[in-house]
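Take a look at the structure set out below.
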Amino acid sequence: MAGRSTPSGGRREIVLIDRRPKRVLVERRKGLEIHYFYWDLDMYKPFDYEPVTLLGSSVLSRYHWRGLVLWNAPVRREGRPLVSFYLGVHTPLVVSERWVVSLIFCVKDLSLEERFLLGYYLTVLNAMLQGLLEVDEGKFHGYEDLIEEGVVPEKYRFDPEAWGFLIVVGEPPRDLPDFIERRLRECE
1 MAGRSTPSGG
11 RREIVLIDRR
21 PKRVLVERRK
31 GLEIHYFYWD
41 LDMYKPFDYE
51 PVTLLGSSVL
61 SRYHWRGLVL
71 WNAPVRREGR
81 PLVSFYLGVH
91 TPLVVSERWV
101 VSLIFCVKDL
111 SLEERFLLGY
121 YLTVLNAMLQ
131 GLLEVDEGKF
141 HGYEDLIEEG
151 VVPEKYRFDP
161 EAWGFLIVVG
171 EPPRDLPDFI
181 ERRLRECE
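Take 1 as the starting number for the sequence shown in the numbering used here and just add one per residue.
Here is the structure:
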């Protein structure tokens, strides 16, 4: 797992961030080290846990509970990807070198409501990404002092294998991670 060690007791920051959450919980599961950036409140709900993890040189995040976002061309500073949290809702957005966006989903796996909302989600994502096209890389910072080992409540846990739609930002990889390939085969 890529990442950078920090001097304090093995805690490590895996990305640099532009906003300051209340805390960052680190959870290790299914072979991944997941950092949950926590805010007490977002625009429309309490208890906002926004997961981010590394997968080789890529970054994985969640979008609207059922979306998995694979960021394949992250801009790095000090060896770490730059992650911006969208104001109000804290959606993790990775500053990218390439802005090619691909959407993959299995129509039969999404409910009628989810298929309808997918168009809305993409419109919102597109609007959020526009704000990253010209970003001040100097405003990104570490979060080592916020890291806590802890357990994230089950309903907020990130399971990269349980996605309803996949968004790839950057060139689509030649080889997708095994858990994504398995999920795609299930749709056949």
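Each residue gets a CB set at the ideal place from its N, CA and C atoms; glycine is no exception.
{"Query": "With a threshold of 16 other CB atoms inside 10 Å of the CB of Met1, please say whether the residue is buried or exposed.", "Result": "The predicted position of Met1 is uncertain, since its pLDDT is 35 and thus under 50; no value can be drawn from it."}
{"Query": "What are the complete alpha helix (DSSP H) segments, minimum 4 residues, inside the stretch 92 to 150?", "Result": "112 to 130"}
{"Query": "May I ask which residues mark the beginning and end of the beta strand (DSSP E) holding Leu184?", "Result": "Run containing Leu184: none in the beta strand (DSSP E); it sits in the alpha helix (DSSP H), 178 to 186."}
{"Query": "Who are the near neighbours of Glu171 in its chain, counting only those whose CB is closer than 8 Å to its CB and skipping five residues on each side?", "Result": "Asn72, Ala73, Arg98, Val100"}
{"Query": "Looking only at its own chain, which residues have a Cβ that is under 8 Å from the Cβ of Phe85, when we skip the five neighbours before and after it?", "Result": "Ile17, Asp18, Arg19, Pro21, Phe37, Glu50, Thr91, Pro92, Leu93"}
{"Query": "If you draw a straight line from the alpha carbon of Ser102 to that of Ile167, how long is it in whole angstroms?", "Result": "6 Å"}
{"Query": "Identify the continuous beta strand (DSSP E) that holds Gly67 and give its terminal residues.", "Result": "67 to 71"}
{"Query": "Could you spell out where the beta strand (DSSP E) holding Arg29 opens and where it closes?", "Result": "23 to 29"}
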